[in-house]
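Below: the structure, in structure tokens.
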Amino acid sequence: MEQTKTDKSMKRRVIAWTIASLAVLTVLLVEVTLTPLARRGNGTRFLSTGMWYNLAWVGSMYVIPVSLYILGIKSMRYVLAGVVGFWMIPVPVICIIGAGAWYWYLVREEVFYVSLLIMSILSLCALAVNVGWFIACFGKKRN
Numbered sequence: 060m061e062q063t064k065t066d067k068s069m070k071r072r073v074i075a076w077t078i079a080s081l082a083v084l085t086v087l088l089v090e091v092t093l094t095p096l097a098r099r100g101n102g103t104r105f106l107s108t109g110m111w112y113n114l115a116w117v118g119s120m121y122v123i124p125v126s127l128y129i130l131g132i133k134s135m136r137y138v139l140a141g142v143v144g145f146w147m148i149p150v151p152v153i154c155i156i157g158a159g160a161w162y163w164y165l166v167r168e169e170v171f172y173v174s175l176l177i178m179s180i181l182s183l184c185a186l187a188v189n190v191g192w193f194i195a196c197f198g199k200k201r202n
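Adding 59 to a residue's 1-based position in the sequence shown gives its number in the working numbering.
Structure (structure tokens):
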């Protein structure tokens, strides 16, 4: 069965937005390990095995369905929607925690942690990219 031009365009769009979503989420996970919050309790620290485990887990959740989608299983788009939706849930929480911790450290300890501010900004970027994923992949089809 031959793909139409619209199907190929949709496939490219889904793949591109999925890669963008994975990239932003990966950068966010690495950034979280660079914040002072990672030093508290049992937080995942930068370059620790926990960080690599988290990155591998998130990566596999994206790579496996997108690989099957590339191979032509169109229903994987809905699985990808579940993955993207699942990872949208903690992003606003991470943003609020980052902004709150940034403000707390600024007021209480008079220390300006750029990493916490970057974490909040990256969270907003991840949220925007994931919302864009849904719009691009399930919005009105262009003719």
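For glycine and all other residues, C-beta sits at the position ideal for the given N, C-alpha and C.
These figures come from a predicted structure and were not determined experimentally.
### Query
With a CB to CB cut of under 8 Å and the five nearest residues on each side skipped, what residues in its chain are close to Ser80?
Tyr121, Val143, Trp146, Ala185, Val188, Asn189 and Trp192
### Query
If you draw a straight line from the C-alpha of Leu93 to the C-alpha of Val170, how long is it?
16 Å
#### Entry: Proximity below 8 Å, CB of Trp76 to CB of Ala195
yes
### Query
DSSP state of Phe171, grouped into three classes?
coil
### Query
Alpha carbon to alpha carbon, what distance is there between Arg167 and Ile74?
45 Å
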